[in-house]
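Asker: Supplied in structure tokens, the structure appears directly below.
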Amino acid sequence: MATFLLHDKIIPHSSMEAESMSWRQKTAIGVSACALLAGGLLATAAPASAVGGCASGYLCVYDRINFGGEKIVSASTNACFDLFEFEFGSVNSYVNNLPVNAYLWEFDTGTGWSKVRTLVAGGFSSSIPANTAWSVCMGNAQP
């Protein structure tokens with residue numbers, strides 16, 4: 037048995053004859069609803085995970101602009117990694133598909149660790165200014 041959505045209620049096909057609207061009105065409403073649904077599906081933007089080839093639920097940092105060069109991927113939401121462990125230059129582009137911010141940290145022998153950039157949760161940049169970051173930390177983690 038087919039069902040139709042009409043005026044926010046489900047009406048079984050067998051009771052359609054009892055409705056006061058004509059067959060043409062019902063068909064027009066159905067076609068309009070389908071057109072709206074199809075238009076909405078076609079107009080949907082690509083998810084952020086498509087940017088830079090970084091999957092949903094991950095932070096991806098790249099040592100070149102435009103998501104190029106070497107890439108480090110992390111799914112952690114409360115940990116740090118040292119860029120030099122990966123023979124990685126500096127972070128020049130990123131995609132943060134994590135639910136938390138990530139931070140670039142640098143070390144100065146006089147002042148210690150300091151945050152030099154925030155990689156916003158759900159954000160990305162194809163080109164960030166040159167930096168001297170040593171570590172990347174996600175969430176509340178600190179080096």
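Be aware that the sequence shown starts at 37, since it is given in the numbering used here, and climbs by one per residue. Beta carbons: idealized from backbone N, C-alpha and C, even for Gly.
#1: So does the segment 130-141 actually touch the segment 97-116, counting three or more Cβ pairs closer than 8 Å?
#2: With Ile164 as the anchor, note down where its beta strand (DSSP E) starts and where it stops.
#3: To the nearest angstrom, how far is the alpha carbon of Thr168 from that of Gly104?
#4: Run through the DSSP bridge pairs and tell me what Cys96 is partnered with.
#5: Express the C-alpha separation of Thr145 and Ser161 in angstroms, rounding to a whole number.
#6: Excluding the five sequence neighbours on either side, which residues of its own chain have a C-beta within less than 7 Å of the C-beta of Pro135, listed in chain order?
Answerer: Per the coordinate set shown:
#1: yes
#2: As a working mapping, residue 164 is identified with position 128 in the sequence shown. Counting along the chain, Ile164 falls outside any beta strand (DSSP E), and DSSP gives it neither H nor E.
#3: Here the question's residue 168 lines up with position 132 in the sequence shown. Here the question's residue 104 lines up with position 68 in the sequence shown. Cα to Cα, Thr168 sits roughly 18 Å from Gly104.
#4: Along the sequence shown, one-based indexing puts residue 96 at 60. Answer by DSSP bridge pairing, in chain order: Val109, Val131.
#5: For the purposes of this step, residue 161 is identified with residue 125 of the sequence shown, where counting begins at 1. For the purposes of this step, residue 145 is identified with residue 109 of the sequence shown, where counting begins at 1. In a straight line, the C-alpha of Ser161 is about 29 Å away from that of Thr145.
#6: Translated into the one-based positions of the sequence shown, residue 135 becomes position 99. Only Thr113, Ala157 meet the Cβ criterion.
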